[in-house]
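**Student:**
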Amino acid sequence: MLHNSFIKYCIVALIVMMAFGTQAKKKEKVKVDPSYAWTMSDPLGLQYPAGIDTLYENYHDNAIPSFRSKAFATTGNYGNAGQDQIFFDRKPTSAFFHADALDTWLPSVENHRFYNSRIPMTLLSHTTGGDKYSTQDRTTMEFSGNVNKRLAAGASLDYIYSKGSYENQAQKNFMWKGFASYLGDRYELQAVAMNFDHTNKENGGIVDDRYITDPAEVQGGETSVNPKDILTRLTAAQSGLSGHQLVMNHRYKVGYYKYQRDSVADTIIGKTYIPVTSFIWNFDYKINSHKFINESGTQGKDFFPNTYLNAAGTNEFNRYWHLRNTLGISLLEGFNKYAKFGFAVYAQHEIRRYTQVVDSISGLATLPEGLDALPCNVPHRTTENLMYVGGQLTKQHGSILTYDAMAKFGVLGDVAGDVEANGDVKTRLHLFGDTVTIRGYGYFKNTEAPYLMKHFISNHYAWSNDFSKETRFRVGGELNIPFSGTNVNVGYETLKNYLYFGENGTPAQCSSPIHVLSATLRQHLRFGILTWDNELTYQTSSNEQVLPLPKFAVYSNLFIKFTVAKVLKVQLGADGNYYTSYYAPAYNPALMNFHNQSEVKCGNFAFVNVYANFRMKQARFYVSYTHANKGLFGGDNYFSTPHYPLNPARFQFGVSV
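Just so we're aligned, residue -10 is where the sequence shown starts under this note's numbering, counting upward by one.
See the structure below:
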């Protein structure tokens, strides 16, 4: 324990010394081009500008598990499973649903930033909190540098280790990425390789919620309770999730040179390559695996509704991989004054392979004692061959109007007949000396259910379903008014044949339409050094039994900002979130996912933090006291998912350079 603490404080000291050591050095100023970053879109690799993470405002929120969203259902520990309860921000079920609950913590291609830094760039950070029994640590490192103005490469490391405030919920996750880009006149490459390895204990939740809501009732009048002393429903279970992915986007551009001439000497003084058409190949190889171990067969029998394969315990492993190749050709935007938009068509082939638990029971003459009969037969391995064709229409440049529209059609395999179409259009208006932005968005999807929602086998769950294609239609608009600090986003969605995990933990489908209305207001108010930011969301579901949602969620942040001695920037304040009570989804440790339940409502409590964020040149650091209102106001029912309480009050701090 002492050794771990020593290493932790050495890391913090090293980062602080690097920060202030860098500032102490006096170097001759050399003019260099500014660094910039971008993200890469799927499937054709279009580039979209992205910021570099150097802001110090609200830096502390990154280390609070329940603040991944205004309403976030979580098992409580930092880095563990969670699900966004703001429906318009929630992603649909993926091909490997085990990974969905950790999506917010895992590396992804869509969120990866490529850099063109001109000079080498290194970002280091370390955050920590809790005591020696509930310590929460995260250390990250990201490096990027340019070989020349066209070629750049980098790498990142991310390590999370958190013991958790409650027993049997410790987790660790080690993630790394390597990436490179080459932006030439004719050839472009964007490549990223990423890996993660996550392990966490599964406690199944606490045995009695009254240890949180009314400890005196279960402790004979004693009102205080040590969170580590609360019994949990599982004590010998753990989950693991690992993944590897390699994505390479190649683009070869064909065009012509535009020459610059000296009108006096009639000589060529420069030339610029103008691309007209590009040929695209996008390669994507991904592997995910999930394991669940429970060494107590007795606890498994009591906790789970069925036991199919092994009554003595569980040790199972599922695996999924896909190999996706996309070939495209595009006409590029802006190669002459009449080319106001870009247009691309593509074909995509994908192989998916699923490896599941072996059915070791079906061939036996007699069912072993303590086991339930399997409801279906599921093959150990399954391969899918899928093909899509699609097109994209874009206008990325322009001061008045930009847009992005894409359509994708399934033509081979189970996805034959699938349709996915989405669009986003944005216009800007000058009003009162500022720029008002109006945005419209929407999509239509008619898609096949993921294979694992149709066919699945494990020790405690097995199913074989024949689902219809799920249909989703969404339309919405957003208004951003900078001079008043106002942003309004209103959307409406209709879902037919909606797929979800029902109360028994297995997939289900609702054939009747479900309608969801969502409206979000973001308001920034400033009075001198005092700032008050608010984000309010109202959402309603026409079928709360199938799609339960908190009707109202709010995040509020009141703070002051000032500068000390012209070098130290300071943000002092308090922030918190609140959402109304509803039947929050329950967490299933065997499947590592969330499912509906109708026994316990969660919500109707406030979670408030007080904090101080600082920045001195390249260095950022913070100190915070999270869940500061515990026992004072805001309610004691601080469960975001049934039987999994959030962290009690704790000090946290972090530093980044």
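No residue lacks a Cβ here, since even glycine has one placed at the ideal position from N, Cα and C. Nothing here was measured: the structure is a model prediction, and the numbers come from that model.
Flag this pair as touching only if the region 219 to 229 and the region 152 to 162 have three or more C-beta atom pairs under 8 Å; answer yes or no.
**Tutor:** The region 219 to 229 is in contact with the region 152 to 162.
**Student:** I'd like to know whether the C-beta of residue 543 is nearer than 8 Å to at least one C-beta of chain B.
**Tutor:** Annotation note: the requested chain B is absent from the structure, which comprises a single protein chain.
**Student:** For residue 640, is the classification buried or exposed, using 16 other Cβ atoms within 10 angstroms of its Cβ as the cut-off for buried?
**Tutor:** By 1-based counting over the sequence shown, the position of residue 640 is 651. Exposed.
**Student:** Mind checking residue 95: buried by the 16 CB within 10 Å criterion, or exposed?
**Tutor:** Against the sequence shown, residue 95 aligns to sequence position 106. Looking at its Cβ environment, which holds 16 or more other Cβ atoms inside 10 Å, residue 95 is buried.
**Student:** Compare the beta carbon distance of residue 337 and residue 32 with 8 Å and say whether it is the shorter of the two.
**Tutor:** On the sequence shown, position 348 is the one that residue 337 refers to. On the sequence shown, position 43 is the one that residue 32 refers to. Yes. Within cutoff.
**Student:** Per the DSSP calculation, residue 560 is bridged to which residue(s)?
**Tutor:** For the purposes of this step, residue 560 is taken as the residue at position 571 of the sequence shown. Looking at the DSSP assignment, residue 560 forms a beta bridge with 550, 602.
**Student:** Threshold first: 3 residues or longer. Then list the beta strand (DSSP E) segments lying entirely within the region 233 to 305, N to C.
**Tutor:** Entirely contained in the region 233 to 305, the beta strand (DSSP E) runs reaching 3 residues are, in chain order, 256 to 283.
**Student:** What is the DSSP secondary structure of residue 408, counted as helix, strand or coil?
**Tutor:** Working through the sequence shown from its first residue, we reach residue 408 at position 419. Looking at residue 408 - three-state DSSP - the assignment turns out to be strand.
**Student:** Using 8 Å as the threshold, is the region 355 to 375 in touch with the region 397 to 406, meaning 3 or more CB pairs across them?
**Tutor:** Because the criterion of three Cβ pairs below 8 Å is met, the region 355 to 375 and the region 397 to 406 touch.
**Student:** So residue 47 and residue 602 are supposed to be a Cβ contact under 8 Å. How far apart are they, rounded?
**Tutor:** Translated into the one-based positions of the sequence shown, residue 47 becomes position 58. Translated into the one-based positions of the sequence shown, residue 602 becomes position 613. Contact holds; Cβ gap of about 7 Å.
**Student:** Could you name each continuous beta strand (DSSP E) segment of 3 residues or more that falls completely within the region 447 to 532, going from the start of the chain to the end?
**Tutor:** If we require 3 residues or more, the beta strand (DSSP E) runs fully inside the region 447 to 532 come out as 451 to 453, 459 to 470, 475 to 485, 487 to 490, 496 to 499, 503 to 516, 519 to 530.
**Student:** If you measure between the beta carbons of residue 647 and residue 441, is that distance less than 8 Å?
**Tutor:** In this structure the chain extends from -10 to 646, so residue 647 is not present and cannot be described.
**Student:** Just to confirm the assignment: which complete alpha helix (DSSP H) runs, minimum length 4, are found wholly within the region 128 to 207?
**Tutor:** The qualifying runs are 199 to 202, 204 to 207.
**Student:** Using 8 Å as the Cβ pair cut-off and three pairs as the minimum, do the region 540 to 547 and the region 563 to 570 touch?
**Tutor:** Judged by Cβ distances under 8 Å, the region 540 to 547 makes contact with the region 563 to 570, as three or more pairs qualify.
**Student:** Tell me which residue opens and which closes the alpha helix (DSSP H) that residue 442 is part of.
**Tutor:** Position 453 of the sequence shown holds residue 442. Note, residue 442: alpha helix (DSSP H), 440 to 443.
**Student:** Starting from residue 38, trace the beta strand (DSSP E) in both directions and tell me its first and last residue.
**Tutor:** Taking the first residue of the sequence shown as 1, we reach residue 38 at position 49. Residue 38 -> beta strand (DSSP E) spans 36 to 39.
**Student:** Residues bridged to residue 113 by DSSP?
**Tutor:** Along the sequence shown, read from residue 1 onward, the residue named residue 113 stands at position 124. 130, per the DSSP bridge assignment.
**Student:** According to DSSP, is residue 51 helix, strand or coil?
**Tutor:** By 1-based counting over the sequence shown, the position of residue 51 is 62. Residue 51 falls in the helix class under three-state DSSP.
**Student:** Pull the bridge partners of residue 645 from the DSSP assignment, please.
**Tutor:** Counted from its first residue, the sequence shown places residue 645 at position 656. Beta-bridge pairing links residue 645 to 114, 609.
**Student:** Three-state secondary structure (DSSP) at residue 592?
**Tutor:** As a working note, residue 592 is residue 603 in the sequence shown. Three-state DSSP puts residue 592 in coil, outside helix and strand.
**Student:** Can you give the Cα-Cα distance for residue 148 and residue 108, rounded to whole angstroms?
**Tutor:** Within the sequence shown, numbered from 1, the residue matching residue 148 stands at position 159. Within the sequence shown, numbered from 1, the residue matching residue 108 stands at position 119. Taking the straight line from one Cα to the other gives about 26 Å.
**Student:** Whole-angstrom Cβ separation of residue 70 and residue 542, contact assumed at under 8 Å?
**Tutor:** Numbered from 1 along the sequence shown, position 81 holds the residue referred to as residue 70. Numbered from 1 along the sequence shown, position 553 holds the residue referred to as residue 542. Rounded, the Cβ-Cβ distance is 20 Å, inconsistent with contact.
**Student:** Spatial neighbours of residue 729 within its chain, please: C-beta separation below 7 Å, excluding the five flanking residues on both sides.
**Tutor:** As displayed, the chain neither begins before -10 nor continues past 646, which places residue 729 out of reach and without an answer.
**Student:** Could you name the residues that DSSP lists as bridge partners for residue 374?
**Tutor:** Position 385 of the sequence shown, counted from the start, is the residue given in the question as residue 374. In DSSP, residue 374 forms a bridge with 340.
**Student:** Cα separation between residue 607 and residue 38?
**Tutor:** Residue mapping note: residue 607 aligns to position 618 of the sequence shown, counting from 1. Residue mapping note: residue 38 aligns to position 49 of the sequence shown, counting from 1. Going by the C-alpha atoms only, they are around 22 Å apart.
**Student:** With three or more beta-carbon pairs closer than 8 Å as the criterion, would you say the region 494 to 502 touches the region 450 to 458?
**Tutor:** Contact holds: three or more Cβ-Cβ distances are below 8 Å.
**Student:** Alpha carbons only, please: which of 590, 106, 479 is nearest the one belonging to residue 198?
**Tutor:** Position 209 of the sequence shown, counted from the start, is the residue given in the question as residue 198. Answer by Cα proximity: 590.
**Student:** Measure the C-alpha to C-alpha separation of residue 210 and residue 358 and round it to an integer number of angstroms.
**Tutor:** Position 221 of the sequence shown, counting from 1, holds the residue named residue 210. Position 369 of the sequence shown, counting from 1, holds the residue named residue 358. Roughly 44 Å separates the two Cα atoms.
**Student:** Let me know the secondary structure DSSP gives residue 579 once reduced to three states.
**Tutor:** Locating residue 579 in the sequence shown gives position 590, counting from the first residue. In the structure shown, residue 579 sits in coil (DSSP, three-state: anything other than H, G, I, E or B).
**Student:** Drop a sphere of 10 angstroms on the beta-carbon of residue 628, count the other beta-carbons inside from all chains shown, and report buried for 16 or more, exposed for fewer.
**Tutor:** What you label residue 628 is simply residue 639 of the sequence shown in a count that begins at 1. Buried, because 16 or more other Cβ atoms sit within 10 Å of the Cβ of residue 628.
**Student:** For residue 10 and residue 611, what's the separation of their Cα atoms in angstroms?
**Tutor:** What you label residue 10 is simply residue 21 of the sequence shown in a count that begins at 1. What you label residue 611 is simply residue 622 of the sequence shown in a count that begins at 1. With a pLDDT of 44 at residue 10, under the threshold of 50, the predicted position of this residue should be treated as unreliable, though the coordinate-derived value follows. Rounded to the nearest angstrom, the two C-alpha atoms are 19 Å apart.
**Student:** Look at the Cβ atom of residue 322, then the Cβ atom of residue 383, and state whether they are nearer than 8 Å.
**Tutor:** As a first step, residue 322 is located in the sequence shown; it is residue number 333 there, counting from the start. As a first step, residue 383 is located in the sequence shown; it is residue number 394 there, counting from the start. A contact, by the Cβ cut-off of 8 Å.
**Student:** Cβ atoms of residue 52 and residue 582: under 8 Å apart, would you say?
**Tutor:** Sequence index remark: in the sequence shown, residue 582 carries index 593 (1-based). Sequence index remark: in the sequence shown, residue 52 carries index 63 (1-based). Contact flag unset, no.
**Student:** Pair every Cβ in the region 404 to 424 with every Cβ in the region 259 to 267, then say whether three or more of these pairs are closer than 8 Å.
**Tutor:** No: fewer than three Cβ pairs fall under 8 Å.
**Student:** Taking C-beta to C-beta, are residue 193 and residue 220 nearer than 8 Å?
**Tutor:** Residue 193 sits at position 204 when you count from the first residue of the sequence shown. Residue 220 sits at position 231 when you count from the first residue of the sequence shown. The answer is no: Cβ separation not under 8 Å.
**Student:** How many angstroms separate the CA atom of residue 448 from the CA atom of residue 288?
**Tutor:** Reading the sequence shown from its first residue, position 459 is the one you call residue 448. Reading the sequence shown from its first residue, position 299 is the one you call residue 288. Those two C-alpha atoms are separated by around 13 Å.
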